[in-house]
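Protein chains in written order, with the working numbering: chain Z, 1 to 373; chain R, 1001 to 1437; chain V, 2001 to 2257. Glycine included, every Cβ here is placed at the ideal spot set by N, Cα and C.
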Amino acid sequence: MERFHEVLQNRHEYARAWEKRTGGKVLGYYEPYMPDEVVYAAGILPVRLLSQHEPDDVTDRQMYGNCACSRDILNQFIKGRYDYIDGLINAEGCQWMLNAFQTTLNNKPDLFNHYVFVPDYVDGHTSKDVMCSELNVFKKALEKWTGKPIMDNDLDRAIEVYNTNRRLMRQVYELRRADNPVILGSEAMEMVLASQVMDKEEMNEMLRDAIDKLTERKPRSDTGVRLMLIGSPTSDVELEKLVESLGANIVIDEICTGSCYFWNEVIPQDDRLMAISLRYLGRPHCALKDNNWRRRPAHIYQLYEDYQAHGVIIAKQIYCHPHGTDNPLIWKVLRERNIPFHYFERDTTLPYEETRLRMEAFISMLKPELVLK
Amino acid sequence: MSKQRWETRPLEVWNKAKEMRAEWQKSIDTASSERVLLAQGNIQWSIGFPALRVIEDNPVGAMMANKSDEFARICRLAGEVLGWGREVCGYQLNCWGAMYLGHQMDGSPFPFRDLVIPFPDPCDQHTKRGQAPMDYSPIPRFQENWPLYTGPRDTDREKAMIEDRVYCTLYIIEEIERIFGQKFDDERLIESVKVAGGISPYAQDVSRFMQHIPSPLSQKDLYSFYTLGGLTKSDPGETVAIWKALRDEVEWRVENNIAAVGNERYRWMEAHPPPWHFLKYYRYMEKYGAVCIGSQYSHMMAGPFEIKPDGTWAPRGGGFRQLVNKPIKTREDAIRAMIGTEARGHRFKDDEVIRPYALNDFAKAYKVNGAILPLWRCGVGCTVTRKEQGLRLSEIGVRVLHYEGSQPGDRTDLDENRMMDQLDVWMESQGLRKLEE
Amino acid sequence: MITAGIDVGIESLKAVILKDGKVLARGIGLSGGVNRARTTEQVWRDTLAAARLKPGDVSKIIATGQGKNDVGFVQERITEPVADARAARFLYPKATCVVDIGADQVRVVTLGPQNNILEVVMNQKCAAGLGILLKSMARTLGMTLEEMSRLSDGPTAAAAVNDGCSVFAEMDAFSLLNRNTPKEEVARAVTEAVAVRINSILNDKMKPSKESTVLVGGLSRNKAVVNALKRRSGINFLIPEQAEYAGALGAALMAAE
Chain Z
1 MERFHEVLQN RHEYARAWEK RTGGKVLGYY EPYMPDEVVY AAGILPVRLL SQHEPDDVTD
61 RQMYGNCACS RDILNQFIKG RYDYIDGLIN AEGCQWMLNA FQTTLNNKPD LFNHYVFVPD
121 YVDGHTSKDV MCSELNVFKK ALEKWTGKPI MDNDLDRAIE VYNTNRRLMR QVYELRRADN
181 PVILGSEAME MVLASQVMDK EEMNEMLRDA IDKLTERKPR SDTGVRLMLI GSPTSDVELE
241 KLVESLGANI VIDEICTGSC YFWNEVIPQD DRLMAISLRY LGRPHCALKD NNWRRRPAHI
301 YQLYEDYQAH GVIIAKQIYC HPHGTDNPLI WKVLRERNIP FHYFERDTTL PYEETRLRME
361 AFISMLKPEL VLK
Chain R
1001 MSKQRWETRP LEVWNKAKEM RAEWQKSIDT ASSERVLLAQ GNIQWSIGFP ALRVIEDNPV
1061 GAMMANKSDE FARICRLAGE VLGWGREVCG YQLNCWGAMY LGHQMDGSPF PFRDLVIPFP
1121 DPCDQHTKRG QAPMDYSPIP RFQENWPLYT GPRDTDREKA MIEDRVYCTL YIIEEIERIF
1181 GQKFDDERLI ESVKVAGGIS PYAQDVSRFM QHIPSPLSQK DLYSFYTLGG LTKSDPGETV
1241 AIWKALRDEV EWRVENNIAA VGNERYRWME AHPPPWHFLK YYRYMEKYGA VCIGSQYSHM
1301 MAGPFEIKPD GTWAPRGGGF RQLVNKPIKT REDAIRAMIG TEARGHRFKD DEVIRPYALN
1361 DFAKAYKVNG AILPLWRCGV GCTVTRKEQG LRLSEIGVRV LHYEGSQPGD RTDLDENRMM
1421 DQLDVWMESQ GLRKLEE
Chain V
2001 MITAGIDVGI ESLKAVILKD GKVLARGIGL SGGVNRARTT EQVWRDTLAA ARLKPGDVSK
2061 IIATGQGKND VGFVQERITE PVADARAARF LYPKATCVVD IGADQVRVVT LGPQNNILEV
2121 VMNQKCAAGL GILLKSMART LGMTLEEMSR LSDGPTAAAA VNDGCSVFAE MDAFSLLNRN
2181 TPKEEVARAV TEAVAVRINS ILNDKMKPSK ESTVLVGGLS RNKAVVNALK RRSGINFLIP
2241 EQAEYAGALG AALMAAE
């Protein structure tokens, strides 16, 4: 587990070392709809840009009203933390991330960049054709940039590596279903986050090793209250650790940097790009793209039941408009099913005392349920 | 008060515009009693369903902000209690808060929607718009994709995007026919596409005339007209007629140097909507002899413009405006003409991606001295890239003022006194004192 | 010719009486909140007395500051950046920028070659970065402002508080105290957050010159904030004596023109 923590904490050093070792390029991306497989097939390391909590006096010049995630990514670029990044990809997602993408390019116009239009109308009959066409364009752009064609077998290999990663992460998450999980929420989240900043093949090796070790771990006798975490993307495990210090455990999440990242696989078919398109258009959706058929509530409820959670924490980043607009239905569904939940807003820093009080109160409230369930 | 430099005169065509807007509002209010379908959304093809009225949450929210802060606040609270973020769009919170309360400002029943149809989404919240009524009571929701990509135009890339939009539109029309037993009138759509193409040249002329010094119109005048044919749908023929009348009158004003502001000595622009409850700042600025010549938002019926390579100011073309050069004989022809040949660029937010220097072009063409770019804390589409645009405008010598507020439809965070102070600072720091008190 | 300027701020008000470009007297007092009009008159009377003058001896008075409209006995009112700009050029003829950090506002005024103003940037509504937050934090930490400045003047703190909003900053500070973070560390974190906020305003449009930027306003007296700001911005601020009187001085100078 420590290795995942190290990679996550030292992700910039990891990427630099990877570049040096392989001679390859690194592409940074903002949104989970970015088709990783296509980038990986080109021999490039795709790295999800993650925010840190840091005082920022350089982005106000260019940004106002942004969520802390998008703002801090720009902050890091300006301060040179991401100077190893060779290019940026934005796959249509939220406007703040698009803004971070554009503004970073204004500061660094020489970076390779590409915009993948991912349909917001994910359920549309012809949306998959649009996505597939976009992936074709993207593939050609990468080929032009690297000077190397991306062959079918490159895509097959990438799909297999990514699908393996997804299966292994699902295995890890399956362990969390147990009455006495052997893995803490913070540990699992660190694994997912680490997987978004490192080479997947290397990650798969680490995962196999970790799963072996986990199966030998003694489960905790006191599992405490089981919680589900939903809301805006996170990039660290501060909240998970806080919850654990209070005798609870986050057993499942529905977060785009969490379970949504790896939940579904690519179903291989001859048209590889169509297969990848279908995977991304069919994944558990970000609040922004869960528009027509409203799959999020059902998915959340399903996970809640499967993982036998006692309550739900909804942690929305302040200024996160997709989640701010999506929450009414989520609240409605949770209330209809009498599922206890606690909603709060996060910002650049997590005010420790205030958050601790909230979590303590919520967990204490759920404890009688633990006895009754 | 100093003597005016130019003659001023009220617009003759203003009353007609007011009448048309009132008629449209009435048609919304009576939708349910007339047993017509009320659709959340607004798109041109909706005119093909005679028994369909369209309404957007934006103008509703704006009107609520303008008319009753108290009711608007109650609505926003209702939304917050049900899970909406505090920092979500004031327009949406106003409108859907009223839905949760079940009544409008005047106590009349809330006009519940029967379905949701697409509207070009200028921001993230718009992408999800129409979800609120759909989540509240199950009604059909229809959506489209509004493509976007960066870099130069790629017609090959756009083929799939355009076909997708054509397919979606045809599909939605057929579904509405099937679900609601409504018959779509192809002829009506074809006619409206041809006629709507007719608004464009007049709207573009009106827009271009405002480059004249003195400006024949101000932002306040534009607000009376800018929705006609867009957000406010009336009889197409009547709509074209009023735009022609406006165009003719504005041309006359230009020829005779009739000004919107008699002491015009400073021209300023905006971007996106103003605080609808506090429009008096335009009049306040006039005390300095400063006229607001509009924004891309209020010039919307003219569509996005750009400075061409030969230096002329001309419509960007392809995106917003229909192509009426090809014969339009079928439903699909009309839809293709409506969509145009450019897949992207149908939304305000697109220009910020495709043409990040759009405001600079606008500033140069309209010879502005300054720009007021509000920072709407709760309006992502209104605020995104605004700081950067301020920097770019500063680079070409345009003085920029930023003020803060919640959102055009939400009074909460707008400190009106502070804003007036900022306007004074802005003017005085440019060497201008008030010409009248 | 004797002129005067009165700067009515949110926390304090200042008066300056000038004769032929030389300061005859200065006066300062608390603004007095809703009684601002009365307290202004009192401070004005005291300043006149200090200059041994009668009201009729002063040819013109200009008011500036947030409360300038509360002052009934002046002949003119000007906005604060205009007053700041005038004072900065008077005190430092080669100044290209003046930064005024007061109780609730930060103003950055970029000066042009002809005594014109090229740009004005002010903080948005958040009070973080300003005197009010520091005063409040000093109270929380059980110190005077001077003590807090002394204790927090040093290297950047390991702990951090939110720099975007003073309310969040205070909450974070409380959290740190509850977790037994030493008071000095908390004071340094708050000072750093203040410097971060001011620096982001400094960077907003035209970046101030490193060698010809004047710093005025009440917070220019806070050594810890100034040093933290110097460290972050790289600017060697020119800080005049009696920096907090800059607004009143500028107004008095303009009254003489």
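Thinking just about the alpha-carbon of each residue, which of the options is nearest to the one in residue i?
i	options	result
P284(Z)	R295(Z), M169(Z), L329(Z), V333(Z)	R295(Z)
H1402(R)	I1172(R), A1371(R), C1378(R)	A1371(R)
R1053(R)	E1144(R), Q1182(R), L1101(R)	Q1182(R)
R1344(R)	Y1366(R), Q1025(R), S1108(R), P1120(R)	P1120(R)
T257(Z)	S51(Z), W293(Z), Q62(Z), G87(Z)	S51(Z)
K1308(R)	Y1357(R), E1286(R), P1327(R)	Y1357(R)
L27(Z)	D212(Z), G93(Z), N10(Z), Y115(Z)	Y115(Z)
L2229(V)	R2107(V), D2104(V), A2159(V), V2196(V)	V2196(V)
A210(Z)	E190(Z), L288(Z), T349(Z)	E190(Z)
R1283(R)	A1078(R), M1134(R), E1264(R), Q1125(R)	E1264(R)
V1036(R)	Y1281(R), W1084(R), R1113(R)	R1113(R)
W1268(R)	K1067(R), V1254(R), M1427(R), P1152(R)	M1427(R)
L253(Z)	L175(Z), L193(Z), I300(Z)	Correcting the residue identity first, residue 253(Z) is Asp in this sequence and not Leu. Checking every option, the nearest Cα to that of D253(Z) belongs to I300(Z).
A1072(R)	K1326(R), S1207(R), N1369(R), D1106(R)	D1106(R)
W96(Z)	G23(Z), G24(Z), G65(Z), G80(Z)	G65(Z)
G147(Z)	R167(Z), V161(Z), I44(Z), R217(Z)	I44(Z)
Y1149(R)	V1384(R), F1362(R), D1350(R)	D1350(R)
R1247(R)	E1012(R), G1041(R), A1365(R)	E1012(R)
Y40(Z)	N163(Z), D83(Z), M1(Z), R61(Z)	N163(Z)
P1374(R)	P1275(R), K1326(R), F1305(R)	P1275(R)
Quick one: what's got a C-beta closer than 6 Å to residue i's C-beta in the same chain, skipping five residues either side?
i	result
A2224(V)	S2149, S2152, D2153, T2191
Y1396(R)	Residue 1396(R) is actually Ile in this sequence, not Tyr. Excluding residues within five positions, the ones whose Cβ falls inside 6 Å are N1360.
P2240(V)	L2091
Q1044(R)	M1338
Using a Cβ-Cβ cut-off of 8 Å (strictly less than) and excluding sequence neighbours within five positions of residue i, which residues of its own chain qualify?
i	result
G2005(V)	A2015, V2016, L2018, I2061, I2062, A2063, T2064, A2083, G2247, A2248, L2249, G2250, A2251, A2252, L2253, M2254, A2255
Q317(Z)	C67, A68, C69, G231, S232, P233, H323, E345, R346, D347
D110(Z)	none
F1278(R)	R1411, L1414, E1416, M1419
V38(Z)	L135, F138, K139, L142, I150, L155, A158, L273, I276
V1166(R)	E1332, I1335, R1336, I1339
V192(Z)	M169, T257, G258, S259, Y261, F262
Could you give the first and the last residue of the continuous beta strand (DSSP E) run that contains residue i?
i	result
E345(Z)	341-346
V2214(V)	2213-2216
Y1281(R)	Unbroken run through Y1281(R) is the alpha helix (DSSP H), 1280-1286; no beta strand (DSSP E).
C1292(R)	1290-1292
Using a Cβ-Cβ cutoff of less than 7 Å, which residues in the same chain neighbour residue i once the five nearest sequence positions on both sides are dropped?
i	result
G1061(R)	G1090, Y1091, Q1092, N1094, C1095, G1409
V2008(V)	S2031, R2036, T2040, A2063, G2065, Q2066, G2067, K2068, D2070, V2071
In the DSSP assignment, find the unbroken alpha helix (DSSP H) run with residue i in it and report its ends.
i	result
G2250(V)	2246-2255
W1464(R)	Here chain R covers residues 1001 to 1437 and nothing more, so residue 1464(R) does not appear.
R2052(V)	Per DSSP, R2052(V) belongs to no alpha helix (DSSP H) and is neither H nor E.
W96(Z)	95-107
F1305(R)	No alpha helix (DSSP H) contains F1305(R), which is instead part of the beta strand (DSSP E) from 1305-1307.
F117(Z)	Neither: F117(Z) is in no alpha helix (DSSP H) and is coded neither H nor E.
D1424(R)	1416-1428
E1163(R)	1155-1180
Below 8 Å on the Cβ atoms is my contact criterion, and I expect residue i with residue j to pass it. Report the Cβ-Cβ distance as a whole number of Å.
i	j	result
P1216(R)	V1250(R)	5 Å
Assess, as a yes-or-no matter, whether the region 106-122 of chain Z is touched by the region 1143-1150 of chain R under the definition of 3 or more beta carbon pairs within less than 8 Å.
Between the region 1143-1150 of chain R and the region 106-122 of chain Z there are three or more C-beta pairs closer than 8 Å, enough to call the two in contact.
Do the region 129-136 of chain Z and the region 1147-1167 of chain R make contact, defined as three or more Cβ pairs closer than 8 Å?
Because the criterion of three Cβ pairs below 8 Å is met, the region 129-136 of chain Z and the region 1147-1167 of chain R touch.
Should the region 89-107 of chain Z be regarded as contacting the region 18-37 of chain Z, the criterion being three or more beta carbon pairs within less than 8 Å?
These segments touch.
Taking contact to mean 3 or more Cβ pairs, one atom from each stretch, closer than 8 Å, check whether the region 1236-1247 of chain R and the region 348-356 of chain Z are in contact.
The region 1236-1247 of chain R makes no contact with the region 348-356 of chain Z; the number of CB pairs closer than 8 Å stays below 3.
Would you say the region 2194-2210 of chain V touches the region 2091-2111 of chain V, given that touching needs at least three Cβ pairs under 8 Å?
The region 2194-2210 of chain V vs the region 2091-2111 of chain V: in contact.
Report yes or no: do three or more beta-carbon pairs, one from the region 1288-1296 of chain R and one from the region 1386-1393 of chain R, lie closer than 8 Å?
Verdict: no, contact absent.
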